[in-house]
Amino acid sequence: MNNHEEALTQGLSFSYQDERFADLQLLRYRVDGFETLSLRQKTLVWHLSEAALWGRDILWDQNGRYNLSIRHLLEHIYKHYQGDRECQSFKQFEIYLKRVWFSNGIHHHYATDKFQPEFSREYLTILINETGASSLCDETLLNVIFDPRLYAKRVNQSQGEDLLLTSACNYYEEGITQAEAEAYYDEQKQKGDRRHPVMFGMNSQLVRNEQGKLEERVWKEDGMYGEAIRHIISHLESAIPYAENEKQKEVIRTLIDFYRTGDLATFDLYTIRWIQETEGIIDFTNGFTEVYGDPLGLKASWEGYVNFTDQEKTQRTERMSAEAQWFEDHSPVDSRFKKAACRGVSAKVIKAAMLGGDLYPSSAIGINLPNSNWVRAEYGSKSVTIGNLTEAYDKAAHGNGFREEFVIDENTLQNINSYGDVCDDLHTDLHECLGHGSGKLLPGVDPDALKAYGSTIEEARADLFALYYLADQKLVDLHLTPNAEAYQSAYYTYLMNGLMTQLVRIEPGNNIEEAHMRNRALIAHWVLDHYPTAATLVKQQTDESSSGSKTESKTFLRIDDYSLLRTAFAELLAEIQRIKSEGDLQAAEHLVETYGVKVDKALHEEVLTRYRALNLAPYKGFINPRYEVERDTEGKITDVIPHYDETFAQQMLRYGEEYRSL
Ligand code: ZN
876 MNNHEEALTQ GLSFSYQDER FADLQLLRYR VDGFETLSLR QKTLVWHLSE AALWGRDILW
936 DQNGRYNLSI RHLLEHIYKH YQGDRECQSF KQFEIYLKRV WFSNGIHHHY ATDKFQPEFS
996 REYLTILINE TGASSLCDET LLNVIFDPRL YAKRVNQSQG EDLLLTSACN YYEEGITQAE
1056 AEAYYDEQKQ KGDRRHPVMF GMNSQLVRNE QGKLEERVWK EDGMYGEAIR HIISHLESAI
1116 PYAENEKQKE VIRTLIDFYR TGDLATFDLY TIRWIQETEG IIDFTNGFTE VYGDPLGLKA
1176 SWEGYVNFTD QEKTQRTERM SAEAQWFEDH SPVDSRFKKA ACRGVSAKVI KAAMLGGDLY
1236 PSSAIGINLP NSNWVRAEYG SKSVTIGNLT EAYDKAAHGN GFREEFVIDE NTLQNINSYG
1296 DVCDDLHTDL HECLGHGSGK LLPGVDPDAL KAYGSTIEEA RADLFALYYL ADQKLVDLHL
1356 TPNAEAYQSA YYTYLMNGLM TQLVRIEPGN NIEEAHMRNR ALIAHWVLDH YPTAATLVKQ
1416 QTDESSSGSK TESKTFLRID DYSLLRTAFA ELLAEIQRIK SEGDLQAAEH LVETYGVKVD
1476 KALHEEVLTR YRALNLAPYK GFINPRYEVE RDTEGKITDV IPHYDETFAQ QMLRYGEEYR
1536 SL
């Protein structure tokens, strides 16, 4: 069912989609524009990319204490087994290994439940014996793989249970209770600098020493994970001479300093210098970053990525931001709620050149760092959209049957296929660069007046601002939209999503909870309720030739009047801005509860059935490009060339060999 998008690149055929297995789909992303970087910049990217790959084993160990041993065992078998590789059991073994690779461990990367192998313990024992791998395995390891009760969940968040004793992540030595760990870190916080608190515990494992007292094993050059960290440091050092400016050199030096000492104040200093370096085209993060993998939210998983600015797309957001005041002045909201001096936010659009650690293979498409609250408050943050990953998602979505299933007719579908991607990107830009920054509160209004409804109303405000302006001649004049009709594709997909297709992420019987989803439902249902002549849901008979001569009735969105739809968005934007500016909690509650929360059970069931029939993978991840380095006779780098020729398994096996440190 995979419909491959193909293009020619450097003589090799390129496909955005690679393998599909279990609930996963592997995609490739392109680093177009890399060839236009200078040799110096390419060399910098390469050294930083190596540093981003060398931390891989750290994450595997953080995710669970047996992950690396299990990976070494499975890879040995996969490489050396000479028997029947086509039988059902071996196929199941292969899927298990690929799922472990994808998750950087034996637990699902998102749900965090342990994988249950679909092959038997006896079969694995045969594979071990036939490949001479018995030294790589013992009873404990087999129990960890096969006993569903052992290490069942990587991150347990269930209230009322001891979150550490019931979580399999490796941030706390086994047997340390939640109460003990919390007491340990509370005490540290008491002693620390209250105004500029470091992120206590983020770069260490908490263990019990011989006297039974708790202490930290710090992740640093001569500490825990030192073997991996020394490789990272060495590539960071090699990168310094190729840095684009002095500030960038200081950023890398400060990071090395942090890896050497493990000192958390140095880490904060590194992030401050990183925020302040805005001149370079190349940027990167490398280190202990996000805390989602620790049930207590203290310990940071290792991640690394390297990127360069997508100058064309960033110009687009800058062109928009430069006109921020024009957009503010012409918006359909009451002038009392408008900003007199409006500044757009410049969010950079970047291209990922390498993904590593906790950003690989599953990756975020937007990143905002650092995470320290006081650093953000005093120095701000950097926000990026990773354009080439979004592009890969878009390309993979073409022809997967989703639009064909849910879009009402051929004309609408063609419009979406032609302009959908460009308008989606524009919608995101308008939302981020202008929407959130527009408007003002009336004097004396509490910013938290809308309480639990605040974030839904805020997202609705930014979305409506974007929807309203997508149809504006101004965007055509700014050469942001290709023509005056392109916006119709975004209007259709936005409403279709809010009314129907976003429901695929909701379990049957549940309401909508997440703020962005609530906001989309709110806008879509409000518009249908108030402007039925602009848009409506209809039932259509479709031929089900596969199941005989039966016809099936399916629900579709039908848009009859796009310009009236724009009027509807304008009216709702004005009202939502009023609610925000005046802090009208009652009106916010009424709007959200009436239009944004409830799910039509019959429609939900229908959408789920239609989605399931498409057999799409709910989770996606990325294969990295492979960089080939050309050198002259003295060993000096003369060029760096990206290739897209590895399969998922090839890349995993290569990483396992080339970047094995722990
Ligand atoms: Zn937003």
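My numbering puts the first residue of the sequence shown at 876, with every later residue one more than the last. By construction, the Cβ of each residue, glycine as well, lies at the ideal position given by its N, Cα and C atoms. No experiment lies behind these values; they were computed from the predicted model shown.
The DSSP-derived three-state label of residue 1324 is coil. DSSP, reduced to helix, strand and coil, places residue 1254 within a helical segment of the structure shown. DSSP places residue 929 outside both helix and strand once states are collapsed to three, so it counts as coil. With a contact defined as Cβ atoms closer than 8 Å, residue 1482 and residue 1376 qualify at about 7 Å. Using a C-beta cut-off of 8 Å, the segment 1503-1517 makes no contact with the segment 1402-1412, since fewer than three inter-stretch Cβ pairs fall below that distance. Separation of residue 1435 and residue 1445 (C-alpha to C-alpha, rounded to the nearest whole angstrom) is 18 Å. Boundaries around residue 892 are those of the beta strand (DSSP E), 892-896, since no alpha helix (DSSP H) includes it. Listed in chain order, the non-local C-beta contacts of residue 1228 below 7 Å within the same chain comprise 906, 909, 920, 924, 1181, 1182 and 1183, local neighbours out to five positions each way being set aside. Its Cα nearest to that of residue 1202, the residue 1311 stands out among 1041, 1265 and 1311.
Exclusion of residue 1389 from the 7 Å shell around the ligand ZN follows from its C-beta lying no nearer than that to any non-hydrogen atom of the ligand. Residue 991 sits in coil when the DSSP states are folded into three classes, being neither helix nor strand. Out of 1102, 1340 and 1362, the CA that lies nearest to the CA of residue 1346 is found in 1362. Beta-bridge partners assigned by DSSP to residue 1177: 1163. Cβ-Cβ distances below 6 Å link residue 1495 to 900 and 902 in the same chain, with the five nearest sequence neighbours on each side left out; the list follows chain order. Nearest to residue 1528 by alpha-carbon distance, out of 938, 1167, 937 and 948, is 948.
Note on geometry: alpha-carbon atoms of residue 952 and residue 1011 lie some 10 Å from one another. Rounded to the nearest whole angstrom, the CA to CA distance from residue 1426 to residue 1373 is 27 Å. Taking one beta carbon from each stretch, the segment 932-939 and the segment 1530-1537 have 3 or more pairs nearer than 8 Å; the two touch. The continuous beta strand (DSSP E) containing residue 1505 extends over residues 1501-1506. According to the DSSP assignment, residue 1461 belongs to the alpha helix (DSSP H) that extends over 1460-1466. Going by C-alpha positions, residue 1134 is about 9 Å away from residue 1142. Taking C-alpha positions only, residue 964 is separated from residue 1114 by approximately 46 Å. Inside the segment 1027-1107, DSSP marks whole alpha helix (DSSP H) runs of 4 or more residues at positions 1053-1066, from first to last along the chain.
For residue 950, the closest C-alpha among the options 1008, 984, 1000 and 1001 is that of 1008. Relative to the ligand ZN, residue 1334 has its C-beta within less than 7 Å of a heavy atom. Close CB contacts of residue 1063 within its chain, under the 6 Å cut and outside five residues either way in sequence, are with 1075 (chain order). Residue 1320 and residue 1329 have their alpha carbons spaced roughly 13 Å apart. Taken through DSSP and simplified to helix, strand or coil, residue 1158 comes out as strand. With contact defined as three or more Cβ pairs closer than 8 Å, the segment 1102-1119 and the segment 1149-1165 are in contact.
Not one heavy atom of the ligand ZN falls within 7 Å of the beta-carbon of residue 926.
Collapsing the DSSP output to three states places residue 1364 in a helix. For residue 1384, the secondary structure class from DSSP, reduced to helix, strand or coil, is coil. DSSP lists 1496 as the beta-bridge partner residues of residue 901.
Per DSSP, residue 1514 is one residue of the beta strand (DSSP E) stretching across 1512-1518. A check of alpha carbon separations from residue 922 across 1109, 1307 and 1144 identifies 1109 as the nearest.
A residue is called buried once 16 or more other Cβ atoms fall within 10 Å of its Cβ, and residue 1043 is buried on that count.
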